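Participant: Structure provided below as structure tokens; questions to follow.
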Amino acid sequence: MLRKVAVGFLACTALYLAFSSYLRRERITEVQLPAVTHRVYLDVEIDGQNIGRIVIGLYGEVLPKTVENFRALCTGEKSVGANGKSLHYKGTPFHRIIPGFMIQGGHIGDGKGSESIYGGTFSDENFSVKHTHPGVVAMANSGSDSNGSQFYITTIKTSWLDGEHVVFGRVIQGMDYVYAIEGGAGTYNGKPRKKALITDSGEIPKEKWTEEIQ
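This is how it looks when you write it as structure tokens:
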């Protein structure tokens, strides 16, 4: 009996140490994330019902070209693209939603959802930032050097995507709304069962970063 208790105790201790080590690694990962240089927002709804605001921090020092593309698509300041379509995330859907993985949006521009503010697509800037945690924001693509307007937000750690997709930011507020879209509209084939829409998007000035976002 004592032997069983001892074995059980050792097993629990090993699990505790392993979990503690995991938490430490996660904290280190958080500390090593790049500085946020810009904040943007996506106001979202599901089937016409307002859900809330997702606030995203962008890594402009590490990925200036990718960040400028996403920031400008949030504000809509570039007006229309080469094909006469609005270069703005406002009014666009999350068109691919997979539970336990991610939500994908940004289908605008040339009809294929691949037009950047630079015209067409642009090259992978770098892969220095990894998919280390839920809430990573990265460029969706159709292969190497095919970044346009589409992006995704992860709902789990997706390290297998490292080196394949450019990570340029993270959700800093409103992750609950990401999960609401994932759970409320997602399917395992990715085709949404409800319409998840970005009703508005823009940039948050630095002087308002300390204010509570409603």
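Following my numbering, the numbering of the sequence shown begins with 2 at its first residue and continues without gaps. Heads up, the beta-carbon is just placed ideally off N, CA and C, and yes, glycines get one too. Computed from a prediction, not measured in an experiment: that's the story for all the values here.
Consider the Cβ of residue 80: report whether some Cβ of chain D lies at a distance smaller than 8 Å.
Facilitator: Judged by its chain identifiers, the structure shown contains no chain D, having just a single protein chain.
Participant: I need the straight-line Cα distance from residue 50 to residue 197, nearest angstrom please.
Facilitator: If I take the Cα positions, the gap works out to 9 Å.
Participant: For residue 168 versus residue 141, is the C-beta spacing smaller than 8 Å?
Facilitator: The answer is no: Cβ separation not under 8 Å.
Participant: How about the stretch 75 to 84 and the stretch 152 to 166: do they share at least three Cβ pairs that are nearer than 8 Å?
Facilitator: No, the stretch 75 to 84 does not touch the stretch 152 to 166.
Participant: Measure the Cβ-Cβ separation of residue 47 and residue 106 and say whether it is below 8 Å.
Facilitator: Not a contact, by the Cβ cut-off of 8 Å.
Participant: Measuring only from the beta carbon, is residue 115 closer than 7 Å to any heavy atom that is part of the ligand SAM?
Facilitator: This structure does not include the ligand SAM; it has no bound ligands of any sort.
Participant: Taking the straight line between their C-alpha atoms, what separation do you get for residue 76 and residue 89?
Facilitator: Residue 76 and residue 89: Cα-Cα distance of roughly 7 Å.
Participant: Over what stretch of residues does the beta strand (DSSP E) that includes residue 54 continue unbroken?
Facilitator: Segment 50 to 59, the beta strand (DSSP E) holding residue 54.
Participant: For residue 206 and residue 42, I'd like the C-alpha separation in whole angstroms.
Facilitator: Their backbone Cα atoms lie some 11 Å apart in a straight line.
Participant: Taking 6 Å as the limit between beta carbons, can you name the residues of its chain near residue 100, skipping five residues before and five after?
Facilitator: Taken in chain order, the residues that qualify are 183, 187.
Participant: Would you mind sorting residue 171 into buried or exposed? The rule is 16 or more other CB atoms within 10 Å of its CB.
Facilitator: Flag for residue 171 reads buried.
Participant: Does DSSP put residue 198 in a helix, in a strand, or in coil?
Facilitator: If DSSP states are grouped into helix, strand and coil, residue 198 belongs with the strands.
Participant: Whole-angstrom Cβ separation of residue 191 and residue 98, contact assumed at under 8 Å?
Facilitator: Indeed they touch by this definition, with Cβ atoms about 7 Å apart.
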